[in-house]
Every structure is written in structure tokens, then in C-alpha cells.
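Protein chains in written order, with my numbering: chain A, 1 to 127; chain B, 128 to 422.
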């Protein structure tokens with residue numbers, strides 16, 4: 001499995017041209033792009049203002065990058081079926097994210113979530 | 128007692144304990160229904176007279192940019208990525224005075240909208256966990272409020288950012304020369320058995336009108352109407368008057384539906400902690416700043 005850890009970049013183009021994910025601080029993220037980050041959870045932070053999932057993932061050259069991936073606040077995430085127990089350190093995950101425009105390893109979790117080989121199906125967003 | 132019976136008994140006890148914990152926890156941190164849940168909703172039940180008591184929810188203000196009647200967006204909901212200096216071209220413009228326009232440009236919102244900036248560059252009071260004050264607390268992610276009526280007051284409690292309001296209903300007049308404060312000074316009265324009107328004055332000018340960075344002066348006056356249309360709904364309207372910043376009154380919400388939730392609904396807390404926000408800025412907002420020289 002370790003050899004499969006990596007990052008797959010998918011350009012989704014303008015699929016998100018109509019704002020469906022109005023998010024605090026979204027100006028810094030490239031909403032027209034989706035990246036799949038696959039790696040190992042190092043920390044799960046269930047707190048305000050935004051829930052964070054930190055993931056160590058290897059890039060194409062094999063170097064490990066620590067990604068900081070954010071969701072919404074705990075209340076909104078609870079509405080989508082998340083809890084303080086959704087992730088734990090050591091989980092192998094694959095997360096579709098919207099990456100930062102400046103290419104730092106930071107992103108917003110949006111789309112498919114796979115935890116230890118099993119898809120985590122979210123409830124619809126509240127809005 | 129056979130080993131098998133012991134195992135079965137233990138399993139049954141574990142299941143009972145687990146079910147008990149589950150039922151117990153269902154009473155706490157309740158999540159309101161989604162917008163989709165109200166798609167075919169119609170008001171129902173006879174409205175009680177002169178009564179706003181209860182847990183009220185609207186999901187309509189989640190994820191929007193500024194006041195509902197004037198979102199800081201172009202037609203079709205476009206422009207949320209921000210970057211503009213002013214709001215030229217938005218679908219429902221505000222009637223700024225020259226002073227209002229100048230004040231708008233000083234406010235740097237991080238919420239979605241045509242003037243959005245990277246969140247580390249915002250001067251939004253919410254980004255520092257400063258008190259939102261009124262009306263910002265009701266124009267941004269209104270979410271769920273708990274309304275309590277006493278013989279002299281209507282109290283509104285919002286676990287979002289820990290906001291509260293006290294609306295006096297004892298017949299007092301608004302202060303003539305108020306010392307401005309975050310939540311202002313609110314007086315309310317029943318126009319008829321189903322229509323409660325609140326007038327609020329004396330808000331601190333440094334607070335924002337909404338999450339899109341709209342300004343106000345200390346001349347701001349806010350009128351709200353809570354119209355109890357049924358047992359399960361209130362129509363909520365809000366109008367701003369501020370001759371310093373706006374050439375005419377501005378309608379913020381127009382008959383926004385507040386849905387009644389069960390009386391035992393436990394609203395989850397959603398507080399702003401300065402230290403948690405600083406951690407977030409260090410880990411997310413600062414690294415994603417597009418132009419590092421602006422740090």
C-alpha cells in the first residue's frame with residue numbers, strides 16, 4: 001500500500017464556476033481545481049474555526065509533504081455526518097481537495113473521502 | 128451458569144448500555160434540518176398570540192455573502208472569489224453615500240463576495256473573534272437562536288459566536304444620547320397579536336453591518352419585524368437606516384422564514400476562540416496567502 005501513497009492531480013476545469021461552497025477564506029483556494037491527496041493522517045483537529053486533517057503524503061519524487069486540509073467548523077461538519085472520531089492518526093486516507101492557489105500543501109476537503117480503503121459518504125450540505 | 132450464557136448475557140448488557148448511551152447523546156448537540164428538508168414546507172398550526180418563545184432556525188443565511196437582499200455578488204451568484212476594490216456591478220447594489228463608499232473600501236472581508244481578500248489580510252472583527260455586535264450577529268449565519276420571553280424582556284440567545292440580545296418590552300424609550308455599545312439598545316413592542324417590532328440604536332460604529340464588510344455609523348437605526356405566521360414559523364424582516372452611509376433605507380432581509388424546532392432541541396455551541404483562530408491562521412491562512420510580501 002505504501003507504494004501507492006502519492007498525489008493524483010485532477011484538473012476539473014470550471015466545474016465549480018457557480019459558487020456552491022462559499023467558505024471563509026476561499027479567496028486563497030483554486031476552486032476550479034481538484035486534487036486527490038493520499039497518505040497517512042498525522043493529526044485530526046476537531047475545533048473552530050475550521051476542522052483540520054493533517055496528512056503526510058509523498059509527492060511524485062517520493063518526498064513526504066505534510067498537508068494541512070481544512071473542512072468547515074465542527075457544527076457544519078457534524079451536519080455532514082462527521083464527528084470527533086471520523087479520523088485518527090495512522091488512518092490511510094484519500095481525500096479530494098481544493099488546493100491553495102500558491103501551491104502550498106494546504107487545501108479544502110471537498111468531494112470523495114476514503115478512510116482505510118472504505119468510502120466515507122457524507123450527508124448533503126446544509127445549504 | 129454456562130460460559131455461553133455468560134457471553135450472551137454480557138453481550139445483551141453491552142448492547143443495552145450502548146443503546147442507552149446512544150439515546151442519551153441524541154438529546155445533545157442537535158443539528159438543524161437542511162434547506163432541502165424544507166423544500167415543500169408550508170406554514171402550519173395556529174400561531175399563539177404575542178409569543179416568540181422557542182428554538183428558531185434558518186439555514187438560509189449559511190454560505191451567503193452579506194445581507195440576503197443585497198449579497199455582494201454579481202448576477203448568477205458570481206464573484207465570490209473576490210479581489211475587487213468596490214461592489215460595482217453587483218446584482219442588488221447598496222445606495223452608498225460618498226462617506227459610505229469610502230468606509231466600505233476600508234473594510235476587508237474574508238467571506239465569499241466580490242471584495243473578498245485572503246483571510247489573513249482581513250480586518251473583519253469576526254476574524255479576530257471580536258464581538259460581532261448587532262446587527263452583524265443576525266446578518267451573518269443567523270443559524271439557530273433560543274428566544275426567551277419574560278414580562279419585561281425578549282431575550283435572544285445565539286450559541287454562534289456566543290451572541291445574546293436583550294430587547295426591553297417594558298415601554299421604555301430608546302436612549303436619547305446613547306453611549307454606543309456592541310449590541311446597541313433595543314426596545315420592542317407588539318403591533319398586533321402576531322407582529323413584534325424591535326427598534327435598535329446606539330451601536331458601535333466599528334462593528335460591521337454584515338460579513339461583506341458593509342459599514343455603518345453611530346446614526347444607524349435598525350428596525351426588525353418578527354411576524355408569527357403560524358405555530359411553526361416567523362417571517363423575519365430587517366431594515367437599516369443610516370443617513371451617514373446610505374442615501375436611503377436598506378432592506379436586509381424580507382420575510383426570511385424562521386422555522387420552529389422542537390422545544391428540547393439542544394443548539395450546539397460554535398464559539399470563536401482567539402487562540403484557536405491564531406492556530407488556524409498559522410497553519411492555513413498564512414501559508415496560503417498568495418503574495419507572501421503582504422504578510
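C-beta: ideal position from N, C-alpha, C; glycine also.
Everything numeric in this text was worked out from a predicted model, so none of it was measured.
Assignment of beta-bridge partners to residue 355 of chain B by DSSP yields B/361. Taking C-beta atoms as the reference points, residue 242 of chain B and residue 216 of chain B fail to come closer than 7 Å. Residue 206 of chain B counts as buried, since at least 16 other C-beta atoms from the protein chains shown sit within 10 angstroms of its C-beta.
Here the alpha carbon of residue 81 of chain A sits roughly 45 Å from the alpha carbon of residue 301 of chain B. Runs of the beta strand (DSSP E) spanning 3 or more residues and lying entirely within the stretch 143 to 223 of chain B occur at 181 to 184, in chain order.
A residue is called buried once 16 or more other Cβ atoms fall within 10 Å of its Cβ, and residue 395 of chain B is buried on that count. Under a criterion of Cβ atoms nearer than 9 Å, the residues of chain A adjacent to residue 404 of chain B are, in order, 48, 49. The stretch 301 to 310 of chain B and the stretch 157 to 170 of chain B do not touch, with fewer than three beta-carbon pairs separated by less than 8 Å.
Residue environment for residue 292 of chain B: buried (at least 16 other C-beta atoms within 10 angstroms of its C-beta). Ranked by Cα distance from residue 197 of chain B, the first of B/236, B/183, B/177, B/218 is B/218.
In chain order, 237, 254, 412 place their CB closer than 7 Å to the CB of residue 246 of chain B, counting only its own chain and leaving out the 5 sequence neighbours on each side. Taking a contact to require three or more Cβ pairs closer than 8 Å, the stretch 220 to 232 of chain B and the stretch 253 to 268 of chain B do not qualify as touching.
Here DSSP, grouped into helix, strand and coil, assigns residue 283 of chain B to strand. Note that the C-beta distance between residue 416 of chain B and residue 185 of chain B is not below 7 Å. Residue 318 of chain B and residue 324 of chain B have their C-alpha atoms spaced approximately 7 Å apart. At a cut-off of 7 Å, the C-beta of residue 161 of chain B has a neighbouring C-beta in chain A. Under the 8 Å Cβ criterion, the stretch 340 to 347 of chain B counts as touching the stretch 368 to 379 of chain B, having at least three qualifying pairs. Distance from the Cα of residue 189 of chain B is smallest, within the candidate group B/159, B/175, B/167, for B/159. Chain order gives no chain B residues near residue 57 of chain A, where near means a beta carbon separation below 8 Å; the closest approach is about 16 Å.
As a beta-bridge residue in DSSP terms, residue 40 of chain A pairs with A/56, A/92. Using a Cβ-Cβ cut-off of 7 Å, residue 189 of chain B counts as an interface residue toward chain A, since at least one Cβ of chain A sits closer than that to its own. Around the beta carbon of residue 180 of chain B, fewer than 16 other beta carbons lie within 10 angstroms, which makes this residue exposed. Contact annotation for residue 410 of chain B against chain A: 45, 52, 54, 68, 70, 106 [CB-CB distance below 9 Å, chain order]. Residue 294 of chain B sits buried, since 16 or more C-beta atoms from the chains shown fall within 10 Å of its C-beta.
Taking the beta carbon of residue 346 of chain B as reference, no residue of chain A falls within 8 Å; the closest one sits roughly 30 Å away. Comparing C-alpha distances from residue 107 of chain A to each of A/52, A/79, A/42, A/75 shows the shortest one belongs to A/52.
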